[in-house]
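Respectively, the protein sequence lines represent chains L and V.
Residues in the first sequence are numbered consecutively from 0, following numbering that gives the first Met the number 0.
Residues in the second sequence are numbered consecutively from 0, following numbering that gives the first Met the number 0.
In what follows, a structure is listed as structure tokens, so that the remarks can point back to it.
There are 2 protein chains.
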Amino acid sequence: MTSTGRPEKRRAILDGARRVFGRDGYTRAGMDAIADEAKVSKRTIYNHFADKEQLFQAVAVEGGQQVTDAIKRLMDVHLLKILDLEEDLLAFTRDRAATIGEFPDHFALVRALEAEVTRIPRPVLDRWIAVGPQTAHERLAPYLAKIAERGLLTLDDPETAALHFDQLTIATVVRRTFYGALPLSPEETDRILRDGVHAFLRAYRPASS
Amino acid sequence: MTSTGRPEKRRAILDGARRVFGRDGYTRAGMDAIADEAKVSKRTIYNHFADKEQLFQAVAVEGGQQVTDAIKRLMDVHLLKILDLEEDLLAFTRDRAATIGEFPDHFALVRALEAEVTRIPRPVLDRWIAVGPQTAHERLAPYLAKIAERGLLTLDDPETAALHFDQLTIATVVRRTFYGALPLSPEETDRILRDGVHAFLRAYRPASS
DNA sequence: GAGTTGTTGCACTGGTCGGTGTACTTTCGG
DNA sequence: CCGAAAGTACACCGACCAGTGCAACAACTC
Chain L
0 MTSTGRPEKR RAILDGARRV FGRDGYTRAG MDAIADEAKV SKRTIYNHFA DKEQLFQAVA
60 VEGGQQVTDA IKRLMDVHLL KILDLEEDLL AFTRDRAATI GEFPDHFALV RALEAEVTRI
120 PRPVLDRWIA VGPQTAHERL APYLAKIAER GLLTLDDPET AALHFDQLTI ATVVRRTFYG
180 ALPLSPEETD RILRDGVHAF LRAYRPASS
Chain V
0 MTSTGRPEKR RAILDGARRV FGRDGYTRAG MDAIADEAKV SKRTIYNHFA DKEQLFQAVA
60 VEGGQQVTDA IKRLMDVHLL KILDLEEDLL AFTRDRAATI GEFPDHFALV RALEAEVTRI
120 PRPVLDRWIA VGPQTAHERL APYLAKIAER GLLTLDDPET AALHFDQLTI ATVVRRTFYG
180 ALPLSPEETD RILRDGVHAF LRAYRPASS
């Protein structure tokens, strides 16, 4: 499992592969195209990765990790000290929605990955899910629980609430735009997020308001 | 646009193509494999459809229409006469979730389609969206509006409420299972749907209960 | 039953692509 | 400055695949 070859080449390959896989999808992406994009010899790719499949998996997991980290930072920024709950949740989900545009290659690759879901070895798939989409909303739960402790939310189950928040906001935008592949006007995006946060609060805000 | 060739052959081709596209994805699916699956000569496929892309589009749109029709029927069954709102919504969403298992080839194909979203001509994509996923939840809105008229729901905007219902129930299952590609235990499915309906009602039920 | 239309099987083309072999050059640590 | 490790350029293999051409065959129509 120890990585062979020069690290900077490995980086270039991963970056190039992310772009090409995102642009062309898994099957259409050619190893020659990836080599060109990474400005690396095709032979070097095979010195770092056993085959196309392993390269794809490496790129997917790395990207998932990066996005998860970015979201974690957003949670710390917006959800630790709450002034106006609705505004803070809205600000969080807006920034979260913006990450779609900040990692366009990764999310394009996610579309490719989901199409291959039945052909990806289960352990690899589970690892990606664990690193990426699963923790993305599971990590939200403790923040919501903390907010609930202050009496700002009524939560029977923080994880379910986190899932519902996700579904009502970011997941709706993701679904409408196919992970950012189709355009969605800022106004429309904002309306979705506002409505979603609003509905979430109606479902989870204490009766005494 | 008038269709050439014998209709029963066209049917066989569409059915075979749906299976193979669903199993192998767009790029991996071979026209020879489709011909075998449809028990038809490859030459006949090209007599009915200009090329692989057009065949794929035809299959996608037809499948989307079938699913949309099935869901419409479920709405009529469950959402016209309401006895217990929570139970009726739950029964509806359960049956709706079951459609994922009833059209496995179609939903596998949808995964392939979403991966190709950037490569599908916009008019074709728009047509599929209009026939399939869009109307799927937009058609729910009038049913909810009708229920609201009886005072069982408080809706500012029926379409938004329909979208939220969708997101909180079926969309969550779809996301977790990747359109049915990964297994999800009936208990887990039921928990998701129950929780979703419950949250929906907390957000949209009149204060006087 | 003649003619048209559709279907079949098969060979074939032109192209793409994953992966390898090899001989040469570059990089870098000691 | 030397030697090993890594990278490069390029030709190459085998497999696969979309789409076509063609000749024989089957099935409807009038």
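We put the beta carbon where it would ideally sit given N, CA and C, even for glycine.
Contact with chain L by residue i, beta-carbon distance below 8 Å
i, result
"His77(V)", "no"
"Gly24(V)", "yes"
"Glu137(V)", "no"
"Arg10(V)", "no"
"Arg95(V)", "no"
"Glu113(V)", "yes"
"Thr159(V)", "yes"
"Ala273(V)", "This structure does not reach residue 273(V), given that chain V is present from 0 up to 208, and the question cannot be answered."
"Leu167(V)", "yes"
"Ala16(V)", "no"
"Ala140(V)", "no"
Close beta carbons around residue i, own chain, < 7 Å, minus the five adjacent residues each side
i, result
"Thr171(V)", "Ile191, Gly195"
"Ala97(V)", "none"
"Leu89(V)", "Leu192, Arg193, Val196"
"Asn46(V)", "Thr3, Gly4"
"Lys51(V)", "Met30"
"Met0(L)", "With a pLDDT of 48 at Met0(L), under the threshold of 50, the modelled position of this residue cannot be trusted; read the value that follows with caution. None."
"Lys41(L)", "Met30, Asp31, Ala34"
"Thr134(V)", "Thr67"
Reference residue i; option with closest CA among the options
i, options, result
"Thr43(V)", "Glu187(V), Thr134(V), Gly21(V), Arg5(V)", "Arg5(V)"
"Glu7(V)", "Thr98(V), Val39(V), Gly62(V)", "Val39(V)"
"Asp156(L)", "Ala140(L), Gln166(L), Asp165(L), Ala57(L)", "Ala140(L)"
"Pro205(V)", "Leu84(V), Arg175(V), Glu187(V), Ala34(V)", "Leu84(V)"
"Arg10(V)", "Phe91(V), Ile99(V), Val109(V), Glu36(V)", "Glu36(V)"
"Arg110(V)", "Leu13(V), Phe20(V), Ala202(V)", "Phe20(V)"
"Phe177(L)", "Gln133(L), Pro120(L), Phe164(L), Asp104(L)", "Asp104(L)"
"Asp94(V)", "Arg22(V), Ile70(V), Phe102(V), Ile128(V)", "Ile70(V)"
"Gln56(L)", "Tyr25(L), Ser184(L), Ala202(L)", "Tyr25(L)"
"Glu148(V)", "Asp14(V), Gln166(V), Ile81(V)", "Ile81(V)"
"Arg138(L)", "Arg72(L), Pro185(L), Ala114(L)", "Arg72(L)"
"Ala202(V)", "Pro182(V), Glu186(V), His163(V), Arg174(V)", "His163(V)"
"Gly100(L)", "Gln133(L), Pro185(L), Arg121(L), Pro132(L)", "Pro185(L)"
"Asp165(V)", "Phe199(V), Ala49(V), Lys145(V)", "Phe199(V)"
"Ile169(V)", "Ala144(V), Phe48(V), Pro132(V), Ala114(V)", "Pro132(V)"
"Ala49(L)", "Ile12(L), Glu187(L), Thr134(L)", "Ile12(L)"
Anticipated Cβ contact below 8 Å, residue i with residue j, distance rounded
i, j, result
"His136(L)", "Ala161(L)", "5 Å"
"Ala180(L)", "Thr117(V)", "5 Å"
"Leu167(L)", "Leu167(V)", "7 Å"
"Leu183(V)", "Arg174(V)", "Contact doesn't hold; Cβ gap of about 11 Å is too wide."
"Val66(L)", "Phe102(L)", "6 Å"
"Ala107(V)", "Arg22(V)", "7 Å"
Contact with chain V by residue i, beta-carbon distance below 8 Å
i, result
"Ser208(L)", "Below a pLDDT of 50, predicted positions are generally treated as unreliable, and Ser208(L), at 49, falls in that range; the measurement from the model is reported next regardless. Not an interface residue."
"Glu85(L)", "no"
"Thr67(L)", "no"
"His163(L)", "yes"
"Val19(L)", "no"
"Val116(L)", "yes"
"Thr202(L)", "Strictly speaking, residue 202(L) in this sequence is Ala, with Thr absent from that position. Cβ-Cβ to chain V under 8 Å: yes for Ala202(L)."
"Arg193(L)", "no"
"Arg126(L)", "no"
"Arg110(L)", "yes"
"Arg27(L)", "yes"
"Ala198(L)", "yes"
"Pro6(L)", "no"
"Met0(L)", "Here Met0(L) scores only 48 on pLDDT, less than 50, and its place in the model should not be relied on; the value that follows carries that caveat. Not an interface residue."
Other residues of its chain near residue i: CB distance less than 6 Å, five sequence neighbours each side excluded
i, result
"Ala16(L)", "Ile33, Leu54, Val58"
"Leu112(V)", "Ala59"
"Tyr142(L)", "Met74, Leu78"
"Trp127(V)", "Ala59, Val60, Gly63"
"Asp87(L)", "His77, Ile81"
"Val130(V)", "Val60, Gly63, Gln64"
"Asp14(L)", "none"
Neighbourhood of residue i by C-beta, 8 Å cutoff - its chain only, sequence neighbours within 5 removed
i, result
"Gly150(L)", "Pro205"
"Asp189(V)", "Arg93"
"Ser208(L)", "A caution first: Ser208(L) carries a pLDDT of 49, below 50, which makes its placement in the model unreliable, though a value can still be read off. Same-chain partners within the cutoff: there are none."
"Ala114(V)", "Gly24, Tyr25"
Can you pull out the residues from the region 172–184 of chain V whose beta carbon lies closer than 8 Å to at least one beta carbon of chain L?
Arg174, Phe177, Ala180, Leu181
Between the region 48–62 of chain L and chain V, which residues of the former have CB atoms less than 9 Å from a CB of the latter, in chain order?
none
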